[in-house]
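Numbering (my numbering), first residue to last: 448 to 823. First comes the structure, then the notes that go with it.
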Ligand code: 5AD
Ligand code: SF4
């Protein structure tokens, strides 16, 4: 029996797909890259922007014919998109050939639903409003020399544009011993050169049972593990990165000299409306400290253009911040309205053509900066 997993979205989803693979292998399935040969196809979806949802819809819709040719093929849809109840219900109605629809909080029940489908031929559309950490699923890793390790799940920040807190729930950190054991096993396997710690907001990691054990403590403990490996982490929220963590770029050899630090906007007014809880000045101060700790640090960021109310002047502030920081890489996105978020209801939504113009400006500027850096 064969499985095929189609993943959309962030590294968190990429790693979650490795856990889905682990569960399926446990049931006796083997991987195949050909959907036609698969006995089960799982879509692991993303809801961060409308485009991601549209891509998933298109991909799922395309399976209708394949399912007709082989009605025994199981089709499952999981992830952030289907954690939204109204979206899950719509999909369930729209695509009768989908057998299983689950959200983020009941992902680990997938084997139960597969068995139900096989034994009772029952379609499933199940969603939970809260989840628990599951330490029993072993990931079947697919990302070469890099091993992903989740340290926390969920997000408490409610940036006004973002769907993540609604589909991933509140922050939950794993126990440090569980994380350290997973890292030890990864190192012992001998085939990984790098460990990447994952979380929506890794800097707010908090050991559930040890009050003073924070993200810096965890980084130091992982660095102490024997073995020849590098350590990196994502994603960091500027409001939570501590001086202690910044210092570790200088003192810990195993930590890669790179940091993804999403700024989103260079305008204080827009940062406030985004509920980011830092100012442009505070952000630039962090960049300064990072470069003092490690002058060659590679810095990357996320930018959203066209957030509601973003004026030409606000956008100029973003452009000037990018010029000042001279990032080594930028992920630039056009603001996308997400159902249920605070920004959805905001006045002054920016027209698509202006968003398009601004995102291209950012990308052009990024190219120029790269050229300049290469010349240097
Ligand atoms: N529209 C556009 N971009 C978004 N992001 C998050 N939510 C939205 C949205 N509604 C971007 C942010 C975040 C990255 C993962 O996706 O820049 O850092
Ligand atoms: Fe979304 Fe903000 Fe949480 Fe990041 S920190 S996942 S942008 S709400």
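Note that beta-carbon positions come from the ideal geometry of N, C-alpha and C, so glycine has one too. Just so it is clear, the structure is predicted and the values come from calculations on it, not from any experiment.
Worksheet item: Of all the options 773, 584, 613, which has the alpha carbon lying nearest to the alpha carbon of residue 625?
Response: One-based indexing of the chain shown puts residue 625 at position 178. The candidate whose alpha carbon is nearest that of residue 625 is 584.
Worksheet item: Taking contact to mean at least 3 C-beta pairs separated by less than 8 angstroms, is the segment 735–753 in contact with the segment 792–812?
Response: yes
Fill in: Proximity below 8 angstroms, CB of residue 785 to CB of residue 608
For the purposes of this step, residue 785 is taken as the residue at position 338 of the chain shown. For the purposes of this step, residue 608 is taken as the residue at position 161 of the chain shown. Yes, the pair counts as a contact, with Cβ atoms nearer than the cut-off.
Worksheet item: Per DSSP, which one or two residues make a beta bridge with residue 641?
Response: If you number the chain shown from 1, residue 641 lands on position 194. 593, 677, per the DSSP bridge assignment.
Discussion item. Taking 6 angstroms as the limit between beta carbons, can you name the residues of its chain near residue 712, skipping five residues before and five after?
Written reply: Locating residue 712 in the chain shown gives position 265, counting from the first residue. Closer than 6 angstroms at Cβ, skipping near neighbours: 718, 765.
Item to complete: Identify whether residue 441 lies in helix, strand or coil by the three-state DSSP scheme.
Response: Nothing in the structure corresponds to residue 441, since the chain is present only between 448 and 823.
Fill in: Any 3 or more C-beta pairs closer than 8 angstroms across the segment 549–562 and the segment 508–523
yes
Worksheet item: Who are the Cβ neighbours of residue 641 in its own chain at under 8 angstroms, not counting the five residues just before and after it?
Response: For this step, residue 641 is matched to residue 194 along the chain shown. For residue 641, where only same-chain residues beyond five positions count, the Cβ hits under 8 angstroms are 592, 593, 594, 676, 677, 678, 679, 703.
Worksheet item: Roughly how many angstroms lie between the CA atoms of residue 737 and residue 693, to the nearest whole one?
Response: Your numbering for residue 737 matches position 290 in the chain shown. Your numbering for residue 693 matches position 246 in the chain shown. Cα to Cα, the separation comes out at about 6 angstroms.
Practice prompt. Check whether the Cβ atoms of residue 775 and residue 758 sit closer than 8 angstroms, and answer yes or no.
Written response: Here residue 775 is taken as the residue at index 328 of the chain shown, counted from 1. Here residue 758 is taken as the residue at index 311 of the chain shown, counted from 1. No. Outside cutoff.
Fill in: the ligand 5AD heavy atom lying under 7 angstroms from the CB of residue 609
Within the chain shown, numbered from 1, the residue matching residue 609 stands at position 162. It does: the Cβ of residue 609 is within 7 angstroms (strictly closer) of some heavy atom of the ligand 5AD.
Item to complete: Take the Cβ of residue 798 as the centre, count every other Cβ of all protein chains shown within 10 Å, and call the residue buried at 16 or more, exposed below.
Response: What you label residue 798 is simply residue 351 of the chain shown in a count that begins at 1. By the C-beta density criterion, residue 798 is exposed, having fewer than 16 other C-beta atoms within 10 angstroms.
Worksheet entry | residue 779 in three-state terms, based on DSSP | For this step, residue 779 is matched to residue 332 along the chain shown. Residue 779 falls in the strand class under three-state DSSP.
Worksheet item: According to DSSP, what are the bridge partners of residue 707?
Response: Here residue 707 is taken as the residue at index 260 of the chain shown, counted from 1. Bridge partners of residue 707: 747.
Worksheet entry | alpha helix (DSSP H) segment containing residue 698, residue limits | On the chain shown, position 251 is the one that residue 698 refers to. Per DSSP, residue 698 belongs to the alpha helix (DSSP H) from 690–698.
Practice prompt. Out of 700, 502, 507, 460, state which residue places its alpha-carbon closest to the alpha-carbon of residue 482.
Written response: In the chain shown, counting from the first residue as 1, residue 482 sits at position 35. It is 507 whose Cα lies nearest to the Cα of residue 482.
Worksheet item: Going by other Cβ atoms of all chains shown within 10 Å of its Cβ, with 16 needed for buried, is residue 543 buried or exposed?
Response: Within the chain shown, residue 543 is the residue found at index 96, counting from 1. The residue in question, residue 543, is exposed, as its Cβ has fewer than 16 Cβ neighbours within 10 Å.
Discussion item. Can you tell me whether residue 487 is helix, strand or coil according to DSSP?
Written reply: Counting from one through the chain shown, the residue named residue 487 turns up at place 40. Three-state result, residue 487: strand.
Discussion item. Let me make sure I understand the geometry here. Which of 663, 494, 560, 615 has the alpha-carbon closest to that of residue 577?
Written reply: The residue given as residue 577 occupies position 130 in the chain shown. For the residues 663, 494, 560, 615, the minimum Cα distance to residue 577 belongs to 615.
Worksheet item: Cβ atoms of residue 464 and residue 876: under 8 angstroms apart, would you say?
Response: In the structure displayed, the chain extends from 448 to 823; residue 876 sits before or after that span and is not available.
Fill in: For residue 470 and residue 687, the rounded distance between their alpha carbons
Stepping through the chain shown from its first residue, residue 687 is reached at position 240. Stepping through the chain shown from its first residue, residue 470 is reached at position 23. Cα-Cα distance, rounded: 34 angstroms.
Worksheet item: How many Å lie between residue 706 and residue 695 at the Cα?
Response: The sequence position of residue 706 within the chain shown is 259, counting from 1. The sequence position of residue 695 within the chain shown is 248, counting from 1. Going by the C-alpha atoms only, they are around 12 angstroms apart.
Discussion item. Give me the residue from 655, 771, 812, 556 with the minimum Cα distance to residue 778.
Written reply: Position 331 of the chain shown, counting from 1, holds the residue named residue 778. It is 812.
Discussion item. One question on the structure: do residue 485 and residue 451 come within less than 8 angstroms of each other, judged by their Cβ atoms?
Written reply: Within the chain shown, residue 485 is the residue found at index 38, counting from 1. Within the chain shown, residue 451 is the residue found at index 4, counting from 1. Their beta carbons are under 8 angstroms apart, which means residue 485 touches residue 451 by this criterion.
Worksheet item: How should residue 763 be labelled, buried or exposed, when 16 other C-beta atoms within 10 angstroms of its C-beta is the threshold for buried?
Response: Numbered from its first residue, the chain shown carries residue 763 at position 316. Exposed is the call here.
Fill in: Spatial distance of residue 512 from residue 681 (CA atoms)
Reading the chain shown from its first residue, position 65 is the one you call residue 512. Reading the chain shown from its first residue, position 234 is the one you call residue 681. Going from the Cα of residue 512 to the Cα of residue 681 covers about 39 angstroms.
Worksheet item: Should residue 743 go down as buried or exposed, given a rule of 16 or more other Cβ atoms within 10 Å for buried?
Response: One-based indexing of the chain shown puts residue 743 at position 296. Flag for residue 743 reads exposed.
Worksheet entry | In DSSP terms, what residue 478 is bridged to | In the chain shown, counting from the first residue as 1, residue 478 sits at position 31. Paired residues: 450.
Fill in: Residue range of the beta strand (DSSP E) that includes residue 547
The count along the chain shown starts at 1 and reaches residue 547 at position 100. Note, residue 547: beta strand (DSSP E), 547–549.
Worksheet entry | For residue 577, the first and last residue of its enclosing alpha helix (DSSP H) | Here residue 577 corresponds to residue number 130 of the chain shown, with the count starting at 1. Careful: residue 577 lies outside any alpha helix (DSSP H) and carries neither H nor E.
Practice prompt. Could you give the DSSP three-state label for residue 734: helix, strand or coil?
Written response: The residue given as residue 734 occupies position 287 in the chain shown. Three-state DSSP puts residue 734 in a helix.
Discussion item. Closer than 7 angstroms to a non-hydrogen atom of the ligand SF4 - does that hold for the CB of residue 648?
Written reply: One-based indexing of the chain shown puts residue 648 at position 201. True, at least one ligand heavy atom lies under 7 angstroms from that Cβ.
Worksheet item: Is the CB-CB distance between residue 554 and residue 597 below 8 angstroms?
Response: Counting from one through the chain shown, the residue named residue 554 turns up at place 107. Counting from one through the chain shown, the residue named residue 597 turns up at place 150. Not in contact: residue 554 and residue 597 (Cβ atoms no closer than 8 angstroms).
Item to complete: Have a look at residue 699 and residue 517 and give me their C-alpha separation to the nearest angstrom.
Response: If you number the chain shown from 1, residue 699 lands on position 252. If you number the chain shown from 1, residue 517 lands on position 70. Going from the Cα of residue 699 to the Cα of residue 517 covers about 54 angstroms.
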